[in-house]
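Line by line, the protein sequences give chains F and S. Quick note on our numbering: the first sequence kicks off at 1 and runs consecutively. Quick note on our numbering: the second sequence kicks off at 264 and runs consecutively. Structure record follows, encoded as structure tokens.
2 protein chains.
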Amino acid sequence: MTCLLKMRAMREQMSVNERKLADFILDNTKLLRDYSSQQLADAVGVSQSSVVKFSQKLGYKGYPSLKLAVYESYAGGISSPVGGDDAPLPFGGANTPLSELGQKKLEVLENTAGINDLEHLRAAVKAIRNARCIQVSACDGSVSVAQYLTYQLLELGCWAVFDQGGMLQRSMVDSLGEEDMLCIICDMHGEESLVEAANHAREKGIKVLSLTRYNYNAASIHADIRLYVMPSEEEQPLQRLLFRSGQLHLIESLVSGLLVAEQ
Amino acid sequence: MTCLLKMRAMREQMSVNERKLADFILDNTKLLRDYSSQQLADAVGVSQSSVVKFSQKLGYKGYPSLKLAVYESYAGGISSPVGGDDAPLPFGGANTPLSELGQKKLEVLENTAGINDLEHLRAAVKAIRNARCIQVSACDGSVSVAQYLTYQLLELGCWAVFDQGGMLQRSMVDSLGEEDMLCIICDMHGEESLVEAANHAREKGIKVLSLTRYNYNAASIHADIRLYVMPSEEEQPLQRLLFRSGQLHLIESLVSGLLVAEQ
DNA sequence: TGGTAGAAGAATACATTATTCAATCAACCA
DNA sequence: TGGTTGATTGAATAATGTATTCTTCTACCA
């Protein structure tokens with residue numbers, strides 16, 4: 001602790017710049033770990049030499065010494081309690097609600113990855129690659145995810161359109177041809193609106209890719225390629241959040257597949 | 264402990280010089296604190312470049328990273344267990360349900376979760392809750408993520424607006440007041456455009472929340488609350504993908520925080 | 001008004017770290 | 001045996017990071 005304490009103690013007798021440095025370090029102790037003297041200087045808005053002089057004024061040989069001292073001083077503050085923290089703390093540290101989220105998310109991700117055949121993922125990637133246009137349709141709860149997918153596809157050079165309000169659903173499907181593709185995204189509810197579109201598309205020979213919850217979802221039945229998210233057992237609001245994590249994970253898998261295929 | 268354990272574990276598959284280095288470090292862990300790569304090289308009787316290469320082979324960016332890792336690992340105290348108490352490291356690969364992408368993603372998520380103080384996350388959640396309007400601005404590469412965040416916020420009843428093209432940036436900030444908030448999102452590049460907006464906002468007393476890459480990002484310097492994503496070491500296209508995973512994870516953390524706070 | 005001390009940054013000297021490249025060595029194999 | 005491949009190594013050097021010097025500026029004071 002000494003080093004940080006010293007800084008706090010001397011704060012009053014410091015010059016303006018020195019105080020700025022001290023404050024920054026006290027506020028962002030962890031960051032220092034990977035800051036060079038120049039980076040710290042930029043972050044605080046002083047010159048690199050001021051950083052060095054500051055270090056020396058505090059009694060260290062130079063900046064690296066200060067850095068180490070700060071680090072030691074800081075690490076001393078962390079109690080490393082009760083044995084088993086060997087696996088570099090899964091998501092976020094202590095048992096906060098946030099790290100708990102990390103655990104649950106991991107579970108969903110693993111389950112989701114587990115139920116989707118590599119085959120199907122590959123097929124989806126191939127279909128996307130070959131499609132001329134891709135229409136993305138989603139249920140109400142999956143709008144944000146659908147937008148995200150659409151944007152990624154556009155970035156990759158795929159001609160994708162997201163049907164925001166569902167108004168255009170029917171007429172857009174009408175304008176698609178055989179070389180095109182419809183991607184339907186759905187979470188726990190509201191698949192009804194998608195079924196018709198999917199059906200209609202299939203009749204016209206348009207490939208349909210579905211991204212729905214695992215285990216019976218009316219929308220997926222009408223799809224050529226089906227990808228699934230395994231929902232968590234959580235109660236409502238968190239479940240939605242986690243479900244989206246799963247959806248996003250699938251999307252990331254697709255994108256990564258497309259990236260590889262590109263080369 | 265991971266770092267020293269890893270060294271011990273890999274000892275058998277090392278070349279002569281590498282093993283000499285590993286042995287020396289394991290025997291003289293404390294000394295490393297004040298050794299430069301050259302000093303370590305001399306002490307062991309190898310060339311300086313071998314020391315650097317050794318560090319990189321173990322998965323660190325360079326010698327300083329190794330040094331820090333060893334130091335951290337050592338500071339963690341002495342733990343007893345002999346047997347395999349940690350994740351399969353090198354070739355083992357094992358049948359994790361997660362794909363290779365999944366593994367990398369997990370790494371980014373863990374790192375990202377690790378570098379953000381719970382404090383800061385909480386502060387961000389609180390600020391969002393208290394804000395009247397939230398403007399979301401992003402660099403080019405983070406548009407999709409920003410859209411996603413905006414949508415989630417709207418869903419939660421927060422009045423959020425995403426400034427798609429950056430055209431409105433300045434005028435929108437102008438129309439914000441003290442009770443409002445600006446959220447800037449940035450990945451590896453293109454932070455320049457955000458700095459001015461952030462600065463301007465701050466001058467007007469508007470809270471600024473940044474969501475940027477860890478370790479030096481000009482945009483984050485001008486923010487009141489800073490959240491970071493730890494980028495992966497991957498090469499370009501995958502790195503982007505993984506970086507977004509990290510960004511999304513932070514967003515999910517925020518959303519989950521907001522959900523909890525709501526009750 | 002001029003002198004002095006302290007603080008700050010630009011330029012630069014110095015030190016450390018990372019990379020490139022060529023030499024060496026071991027393993028494999030026709 | 002001799003040739004080929006791939007890994008390992010260190011010397012030279014490029015790149016990056018740190019410390020010093022020197023100059024400028026400001027505040028204070030006689």
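Where is the CB? At the ideal position from N, CA and C, for every residue including glycine.
Roughly how many angstroms separate the alpha carbons of residue i and residue j, rounded to a whole number?
i                      : j                      : result
residue 29 of chain F  : residue 451 of chain S : 23 Å
residue 354 of chain S : residue 279 of chain S : Below a pLDDT of 50, predicted positions are generally treated as unreliable, and residue 354 of chain S, at 23, falls in that range; the measurement from the model is reported next regardless. Roughly 20 Å separates the two Cα atoms.
residue 138 of chain F : residue 163 of chain F : 8 Å
residue 471 of chain S : residue 224 of chain F : 46 Å
residue 8 of chain F   : residue 388 of chain S : 28 Å
residue 260 of chain F : residue 417 of chain S : 35 Å
residue 325 of chain S : residue 333 of chain S : 12 Å
residue 277 of chain S : residue 123 of chain F : 41 Å
residue 375 of chain S : residue 469 of chain S : 26 Å
residue 149 of chain F : residue 135 of chain F : 11 Å
residue 303 of chain S : residue 490 of chain S : 36 Å
residue 482 of chain S : residue 460 of chain S : 9 Å
residue 174 of chain F : residue 118 of chain F : 31 Å
residue 132 of chain F : residue 176 of chain F : 9 Å
residue 11 of chain F  : residue 423 of chain S : 40 Å
residue 319 of chain S : residue 500 of chain S : 22 Å
residue 85 of chain F  : residue 312 of chain S : The predicted position of residue 85 of chain F is uncertain, since its pLDDT is 30 and thus under 50; a value taken from the coordinates is nonetheless stated next. So the two alpha carbons sit approximately 34 Å from each other.
residue 183 of chain F : residue 200 of chain F : 13 Å
residue 456 of chain S : residue 473 of chain S : 13 Å
residue 443 of chain S : residue 434 of chain S : 14 Å
residue 269 of chain S : residue 104 of chain F : 28 Å
residue 251 of chain F : residue 480 of chain S : 28 Å
residue 58 of chain F  : residue 35 of chain F  : 18 Å
residue 323 of chain S : residue 66 of chain F  : 23 Å
residue 458 of chain S : residue 393 of chain S : 23 Å
Please name the residue in the options whose C-alpha comes closest to that of residue i.
i                      : options                       : result
residue 453 of chain S : S:463, S:476 and S:523        : S:476
residue 213 of chain S : S:281, S:337 and S:268        : This structure cannot settle anything about residue 213 of chain S, because the visible part of chain S is limited to 264 through 526.
residue 257 of chain F : F:152, F:5, F:132 and F:3     : F:152
residue 403 of chain S : S:493, S:449, S:437 and S:378 : S:449
residue 337 of chain S : S:466, S:506 and S:290        : S:290
residue 32 of chain F  : S:268, S:331 and S:446        : S:331
residue 317 of chain S : S:456, S:266 and S:495        : S:266
residue 420 of chain S : S:391, S:503 and S:505        : S:391
residue 493 of chain S : S:268, S:373 and S:467        : S:373
residue 301 of chain S : S:327, S:323 and S:369        : S:327
residue 239 of chain F : F:34, F:107 and F:202         : F:107
residue 365 of chain S : S:505, S:518 and S:441        : S:505
residue 254 of chain F : F:114, F:120 and F:60         : F:120
residue 497 of chain S : S:485, S:484 and S:363        : S:363
By DSSP, does residue i sit in helix, in strand, or in coil?
i                      : result
residue 48 of chain F  : helix
residue 223 of chain F : coil
residue 491 of chain S : strand
residue 213 of chain F : strand
residue 514 of chain S : helix
residue 394 of chain S : coil
residue 204 of chain F : coil
residue 278 of chain S : coil
residue 182 of chain F : strand
residue 456 of chain S : helix
residue 36 of chain F  : coil
residue 508 of chain S : helix
Next item on the list: Taking a Cβ distance cut-off of 9 Å, strictly less, list which residues of the segment 45 to 60 of chain F are near chain S, in chain order.
Entry: 45
Note to self: Under 8 Å: do the segment 238 to 251 of chain F and the segment 140 to 160 of chain F share three or more Cβ pairs, one atom per stretch?
What the structure shows: yes
Check: For the segment 134 to 155 of chain F, which residues have a CB atom closer than 7 Å to at least one CB atom of chain S, in sequence order?
Finding: 143, 144, 147, 148, 151 and 152
Notebook entry, point to check: Using a beta-carbon distance cut-off of less than 8 Å, what residues from the segment 291 to 309 of chain S approach chain F?
Noted result: 296
Next item on the list: Count the C-beta pairs between the segment 10 to 24 of chain F and the segment 41 to 54 of chain F that are closer than 8 Å, then say yes if the count reaches three, no if not.
Entry: yes
Note to self: For the segment 213 to 243 of chain F, list every residue whose C-beta sits within 8 Å of some C-beta in chain S, in sequence order.
What the structure shows: 237, 238 and 241
Next item on the list: Scan the segment 455 to 471 of chain S for residues whose Cβ lies nearer than 7 Å to a Cβ of chain F and list them as they occur along the chain.
Entry: none
Checklist line | Against chain S: residues of the segment 245 to 263 of chain F by CB proximity under 7 Å | finding: 245, 248, 252, 253, 255, 256 and 259
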